[in-house]
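Take a look at the structure set out below.
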DNA sequence: GGTGAGCTGGGACAAATGTCCCGTTTTTTC
DNA sequence: GAAAAAACGGGACATTTGTCCCAGCTCACC
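This is how it looks when you write it as structure tokens:
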């Protein structure tokens, strides 16, 4: 299976924006902006003037359904591109992007971005790669979150989370998994009782081998 | 919300392949092939030599998880592209593609396809559009299938299904929704008892307005 | 130092979904 | 056209997940 990435990053695109464009090219078409935690880079249902490339910070891409519940499509970290789908398709935003920490991002006017992707082979290639990668991730995640019980997905998430130092809110993790916070807590409790998760943190109590064996047990 | 498309089609790409390429260009790099119902165009975990553009027939793109359960990512109809993600990313197939009816598809060698997308602006544009569209669809579907009870998703599916004449197997519809066939039947029965679905078909018993109102009721 | 908003953890119960199973119906195959 | 294979429909029961709720804790703010 391709590696699950909880926080999408894309250093190549960030490098491209920062190093491949001259000041003249940037002018007033490419500039930096900062949002406080809780701020919105994009809003579902709106059109937007810019495509963003996140420079620092952490944000979440989420969809709010009519019943008020949120589903988190992905978390974005350094270098990830956002808002480009809407430019390609010329549609309104499908998702909202909310800053979880302070976020600084390059803003590229949609016109200039549209120009770049048709005239710059390198950015075009990076864009194709990014889209392909996210499509794979999204499909793979939709699949196992539908097909396995929540506990499996939680375990998988925890193993990834261990490599992040960031503090996520319980609600965000639950929204990412598509379950209620109550269910998330319940599964966590059970995993603790089975001595799989550390009593007072999200850390896996067990080593990699035991984890791999556990995951295999679901596949029987 | 952007329109839910149950069966993805892409006439523009099919037209491109059939009309924009000369016989000389096609040579032995682009040719037609036919699979019987049940045949595999791609197999999960394998590499492949061709990118395909479906000309006729219906197929399903699915992921088989380690526990043996299937999740259907999408159904493909006329013109849809498959296998291109793996070429862009240079990875093995994430999904299996299985013909549901007899399928005829253009086969394009991966080398030639890789050449085309970097040298033909029109195909490059069509590819970006296709990826963006599928990413949107996949995210939107993952979201509401996680966030709403199965009955809502089933109702939504039936309203789309009504416009198709194709006969889908119950198992495939259930796999698409990420529920068991038993649950699918149970919900169907309840919808029939509430006179929302026709007693002996998948047809919605109710008119568009009542359907819209029902969908809104879930959002309260 | 108080106070209120918001996050946390979990009990009790309800609802949704899955598993197992078996009899029936439809489709395929020879 | 009979036999075998596959799909269908649903009963009974187990498991998972959600809803509602409340008590404790933390932390910003006055």
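Protein chains in written order, with UniProt numbering: chain A, 1 to 220; chain S, 1 to 220. Even glycine gets a Cβ: it sits at the ideal position worked out from N, Cα and C.
If contact means a Cβ-Cβ distance below 9 Å, which residues of the region 106-139 of chain S contact chain A?
Taking 9 Å as the Cβ-Cβ cut-off against chain A, the residues of the region 106-139 of chain S that qualify are 117, 118, 121, 124, 125, 127, 128, 129, 131, 132, 133, 134, 135, 136, 138 and 139.
For residue 170(A), which of 72(A), 15(A), 39(A) and 11(A) has the nearest alpha-carbon?
The candidate whose alpha carbon is nearest that of residue 170(A) is 72(A).
Members of the region 172-189 of chain S that neighbour chain A once the beta carbon cut-off is set at 7 Å:
If the cut-off is 7 Å between Cβ atoms, the region 172-189 of chain S has 178 near chain A.
Can you name, in chain order, every residue of its own chain whose Cβ lies under 7 Å from the Cβ of residue 21(A), other than the five neighbours on each side?
So the qualifying residues of the chain are 30.
Residues of the region 65-79 of chain A with a CB closer than 7 Å to any CB of chain S: list them in chain order, please.
Under the 7 Å Cβ criterion, the region 65-79 of chain A contributes 65, 66, 67, 69, 71 and 73.
Taking C-beta to C-beta, are residue 42(S) and residue 83(S) nearer than 8 Å?
In this structure, residue 42(S) places its C-beta atom within 8 Å of the C-beta atom of residue 83(S).
Contact set between residue 145(S) and chain A, taken where Cβ atoms lie within less than 7 Å:
Going along chain A in sequence order, the residues near residue 145(S) (Cβ under 7 Å) are 146.
In chain order, what residues of the same chain lie with their CB nearer than 6 Å to the CB of residue 7(A), ignoring the 5 residues before and after it?
In the same chain as residue 7(A), and ignoring 5 residues on each side of it, the C-beta atoms closer than 6 Å to its own belong to 75 and 77, in chain order.
Does the separation of the CB atoms of residue 36(S) and residue 99(S) fall below 8 Å?
It is a contact, given that the beta carbons lie within the stated cut-off.
My parser needs the beta strand (DSSP E) runs of 3 or more residues fully inside the region 83-137 of chain A; what are they?
Runs found: 96-99 and 103-109.
Around the Cβ of residue 221(S), are there at least 16 other Cβ atoms within 10 angstroms (buried) or fewer (exposed)?
No statement about residue 221(S) is possible, as the shown extent of chain S runs from 1 to 220 and does not include it.
Residues in its own chain within less than 6 Å of residue 112(S) by CB, not counting five upstream and five downstream?
Residues of the same chain with a CB within less than 6 Å of the CB of residue 112(S), apart from the 5 flanking positions on each side, are 29 in chain order.
Residue 32(A) - containing beta strand (DSSP E), residue span:
First-last of the beta strand (DSSP E) with residue 32(A): 30-35.
Go through its chain and collect everything with a Cβ distance to residue 48(A)'s Cβ below 7 Å, but skip five positions before and after it.
Contacts found: 42, 83, 86 and 93.
Evaluate the contact criterion for the region 125-134 of chain A versus the region 119-133 of chain S: three or more CB pairs, one atom per stretch, below 8 Å.
Touching, yes.
Distance CB(residue 101(A))-CB(residue 121(S)) smaller than 8 Å:
Not in contact: residue 101(A) and residue 121(S) (Cβ atoms no closer than 8 Å).
As a quick exercise: from 70(S), 89(S), 178(S) and 109(S), pick the residue whose alpha carbon is nearest that of residue 126(A).
When each option's Cα is compared against that of residue 126(A), the closest is 89(S).
DSSP three-state label for residue 1(A), please.
Confidence is the limiting factor: at residue 1(A) the pLDDT is only 45, short of 50, which leaves the residue's position unreliable, though a coordinate-based value still follows. Coil at residue 1(A), not helix or strand.
Close beta carbons around residue 179(A), own chain, < 7 Å, minus the five adjacent residues each side
Here the set comprises 150.
Which of helix, strand or coil DSSP assigns to residue 7(A):
Note: residue 7(A) maps to strand in three-state DSSP.
Based on DSSP bridge pairs, tell me the residues matched to residue 75(A).
Residue 75(A) pairs with 7(A) and 60(A).
Min CB distance residue 89(S) to chain A below 8 Å:
Closer than 8 Å: yes.
Residues of the region 93-104 of chain A in Cβ contact with chain S at a cutoff of 8 Å, in chain order, please.
Listed by position, the residues of the region 93-104 of chain A near chain S (Cβ gap below 8 Å) are 94 and 95.
Excluding the five sequence neighbours on either side, which residues of its own chain have a C-beta within less than 8 Å of the C-beta of residue 1(S), listed in chain order?
Low per-residue confidence applies at residue 1(S): pLDDT is 46, beneath 50, and the placement is therefore not dependable, though the value from the model is reported in the following sentence. Residues 140 of the same chain have their beta carbon placed closer than 8 Å to that of residue 1(S), with the five preceding and five following residues left out of the count.
What number of angstroms, rounded off, separates the C-alpha of residue 4(A) from the C-alpha of residue 27(A)?
Approximately 37 Å, taken between the alpha carbons.
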